[in-house]
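Data first, discussion second: the structure below is written as structure tokens.
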Amino acid sequence: MGKLVFWQGNEAAAYGALKAGCRFYAGYPITPSSEIAETMARELPKVNGVFIQMEDEIGSAAAIIGASLAGVKSMTATSGPGFSLMQEALGYAVMTETPCVFVNVMRGGPSTGLPTKPAQGDIMQARWGTHGDHAIIALYPSTVEEVYRYMIEAFNLAEIYRTPVVFLMDETLGHMREAFELPDLKNVEIVNRISEKDLEEEEIFVPYVESEYAEPKPTALVEMGKTRFHVSGLVHDESGFPNAAYDTAEKLIKRLSNKIKLHIDEISIYDEYLTEDAEVLVIAYGIVARSAKEAVKIARNDKMRVGLFKPITIWPLPVHELRKRLSKVEAVIIPEMNLGQYGREILRLVKPGTKVKFINKVGGELITPEEILDGINEILTEGYDY
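If you count the sequence shown from 1, you need to add 2 to reach the numbering used here.
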């Protein structure tokens, strides 16, 4: 039996990061994410880690990139306005292939919006917030236990794919407390950097060469030392030095996307509930998935064949798994605390003739099981609504 804890979601995010080996945190307090910074400020010194409260979110994002390039697993946490300020640095981390984790505890927007209310309005910002063609990995759990578990996975994915990972939460998930047993992580691999001791004596570390073992994944980042290398946000060749030649630029930009796009199945994490014989599929993520599961239970008790698909990997879209399930159902319901950001992506995958129902809420209140159940009844009698 594992240790029983009673943690807030934000606390679980911090403790999961520590378990994954995070030893550097830079951030700026912002509601509703501040407890992550508070916990890291208290706990990091106990494990010889470093906490820095920066002057703003721009500096925070830059600091974790620098720390990661120096060989330390690093993370920051923020919310809406702060995440907007981090977008340029996020793109820099993509271009320089720097593993790090950006936590966004979502609140209502735009602008200052609803600082103390939950929302899911940053789903597309997580995907396309920074400029240029790029791929991104973004996770969004729905329970406090999942926050802890998948924060570890976020760091692993960042290291494996040499990329920033966006870890999404929301105000309710961040502030709610749940009791759970810490999972047995003895069999969970913690992905770490290659030590320079692992290199051959005369081996020259070239940071941006495609890996031989699983192209087009990048070479794992090496701890700093004699393995220093050049880093630039400009288009660069395998040495890291700027090179604006057409062939170099095209190869680099395509590789940055393909190293994620070509490994969607390995990256995708999802849960499903009663989907085997489902005629109606509810697709919900994050905090809304909790209401969706309850609605599915009620519908099943009323003899309706309804199932739930819960993506935890929000980006890249788990296309293959979604297509399999969407091909077997007659109707789809997508509840979101936004105006249909994820639903528009799912709409591209449904087969012709499938009934689709969007349930959208943006006023700072949670979507209830009853509202989803109403949507199930409506789609079975009325049909399309998008």
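We treat Cβ as the ideally placed atom computed from N, Cα and C, and that holds for glycine.
Per DSSP, the beta-bridge partners of V168 are F104, A140. Taking C-alpha positions only, A280 is separated from A301 by approximately 11 angstroms. Per the coordinates, the alpha-carbon of N245 lies some 5 angstroms from the alpha-carbon of H238. 8 angstroms or more divides the Cβ of T165 from the Cβ of I314. With a threshold of 16 other beta carbon atoms within 10 Å, D58 falls short and is exposed. Residue pairing for F157: DSSP places it in no beta bridge. A Cβ-Cβ separation of about 6 angstroms places E347 in contact with L319 under the 8 angstroms criterion. Around the beta carbon of H322, a 10 Å sphere encloses fewer than 16 other beta carbons of the protein chains shown; the residue is thus reported as exposed. Remark: three or more beta-carbon pairs, one from each stretch, lie closer than 8 angstroms, so the region 20 to 30 and the region 49 to 65 are flagged as touching. When the beta-carbon positions are compared, V282 and I335 come within less than 8 angstroms of each other. Bounds of the alpha helix (DSSP H) holding I125 are 125 to 130. Nearest in C-alpha terms to L6, of all of E147, P101, L20, is E147. At a Cβ-Cβ threshold of 8 angstroms, V190 and I154 count as neighbours.
K299 is the residue among K299, L351, G4 whose C-alpha sits nearest the C-alpha of I374. Within the same chain, Cβ atoms closer than 7 angstroms to the Cβ of L236 are found at P244, the five residues on either side in sequence being excluded. Less than 8 angstroms divides the Cβ of G93 from the Cβ of G134.
Burial of T98 is indicated by the presence of at least 16 other C-beta atoms within 10 angstroms of its C-beta. Boundaries cannot be given for Y30, as no alpha helix (DSSP H) includes it and DSSP labels it neither H nor E.
Among the bridge pairs identified by DSSP, G73 is matched with none. Contact check for Q122 and E338: beta-carbon distance about 6 angstroms, within the 8 angstroms limit, so the pair qualifies. Annotated three-state conformation of A181 is strand, per DSSP.
According to the DSSP assignment, L6 belongs to the beta strand (DSSP E) that extends over 6 to 10. Counting along the chain, F85 sits inside the alpha helix (DSSP H) bounded by residues 82 to 87. Considering only E332, P371, G342, V364, the residue with the shortest C-alpha distance to T356 is E332. Note that the region 8 to 28 touches the region 170 to 181; at least 3 beta-carbon pairs, one per stretch, sit closer than 8 angstroms.
In this structure, the CA atom of D304 is about 11 angstroms from the CA atom of N379. The beta carbon of T114 sits closer than 7 angstroms to the beta carbons of P83 from its chain, once the five residues preceding and following it are set aside; these are given in chain order. Taking the CA atoms as reference points, Y272 sits about 21 angstroms from K353. With a cutoff of 8 angstroms on beta-carbon distance, E90 and T132 are scored as near each other. When C-alpha distances from G4 are compared across E274, P185, S241, T277, the shortest belongs to P185.
The three-state reading of DSSP puts T315 in strand, counting E and B together. Counting only the Cα atoms, S36 lies some 8 angstroms from A79. Per DSSP, L351 lies in no alpha helix (DSSP H) and is assigned neither H nor E. In the structure shown, K188 adopts coil according to DSSP, grouped into three states.
If you draw a straight line from the Cα of I269 to the Cα of L159, it comes to about 8 angstroms.
When the alpha-carbon of A137 is set against those of E45, A286, R151, V167, the nearest one is in V167.
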